[in-house]
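**Student:**
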Amino acid sequence: MEIDYEESLKAVRDVLVNFPKQHKFNLEELDRLHKEEIDLLHVIELVSLNAAEVFLIPYKQLQTVLQERRKLKKENEFLERILQLTKQPKMGEKQINQAIGDVRNIKHNQSIRTYRMKARKDLQHLIDNRSIKIKVGN
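Per this note's numbering, the sequence shown starts with residue 56, numbered consecutively.
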């Protein structure tokens, strides 16, 4: 078996250098998206719009913001587990194998995760009865 040392070092660079940068970028982007979400909610609250304007301006834009936010949160769930590994004082085979298992679990959990209404349980059927099952994070 021939080992590609260059590719191996690139993977190490990703974990030690690029993943922390990506995590930081995602956190900054989440903050920006939160501010945009608040702005759109204030438009909905404070401005009288006709049905077409409501759909085109705040609703679709809010939907886009929330979908992007979900994508970043999903990615950060992986990155946070990997970064947790790099901060351990001793990173041995056992810790790496545990992190690999955790990443597999995160991937599985994200693939089956659905949303459950917390306050508006009367709207749960809108999520449950969709022809394409809504997956949180897709």
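Note that beta-carbon positions come from the ideal geometry of N, C-alpha and C, so glycine has one too.
Since Q116 and L138 should fall inside the 8 Å C-beta cutoff, what is the C-beta to C-beta distance between them, to a whole number of angstroms?
**Tutor:** Not really, about 31 Å apart at Cβ, beyond 8 Å.
**Student:** Which same chain residues end up closer than 8 Å to L127 when comparing Cβ atoms and leaving out the 5 residues on each side of it in sequence?
**Tutor:** If we look at L127 and ignore the five residues flanking it on each side, its Cβ neighbours are N81, E84, L85, L88.
**Student:** Going by alpha carbons, who is nearest to F74 out of E135, F110, K129?
**Tutor:** Ranking E135, F110, K129 by Cα distance to F74 puts E135 first.
**Student:** To which residues of the same chain is I161 closer than 8 Å at the C-beta, ignoring the five residues directly before and after it?
**Tutor:** These residues qualify, in order along the chain: E132, F133, R136.
**Student:** Enumerated in chain order, which unbroken segments of the alpha helix (DSSP H) with a length of 4 residues or greater are wholly contained in the stretch 81-146?
**Tutor:** Fully enclosed alpha helix (DSSP H) runs of 4 or longer: 106-109, 115-141.
**Student:** Return yes when the Cβ of Q150 is within less than 7 Å of the Cβ of Q143, no when it is not.
**Tutor:** Contact: yes.
**Student:** By a C-beta neighbour count over all protein chains shown, 10 Å radius and 16 as the cutoff for buried, is V120 buried or exposed?
**Tutor:** The residue is buried, with at least 16 neighbouring Cβ atoms inside 10 Å.
**Student:** Three-state secondary structure (DSSP) at N58?
**Tutor:** For the sequence presented, residue 58 should be read as Ile rather than Asn. Reduced to three states, the DSSP call for I58 is coil.
**Student:** If you follow the alpha helix (DSSP H) that V158 is in, where does it begin and where does it stop?
**Tutor:** First-last of the alpha helix (DSSP H) with V158: 148-167.
**Student:** In whole angstroms, give me the CA-to-CA distance for V102 and V72.
**Tutor:** Using only the alpha carbons, I get a separation of about 45 Å.
**Student:** Have a look at I187 and M56 and give me their C-alpha separation to the nearest angstrom.
**Tutor:** Note that I187 scores 47 on pLDDT, short of 50, meaning its location in the model is unreliable and no value can be drawn from it.
**Student:** Between which two residues does the alpha helix (DSSP H) harbouring D183 extend?
**Tutor:** That run of the alpha helix (DSSP H) goes 179-183.
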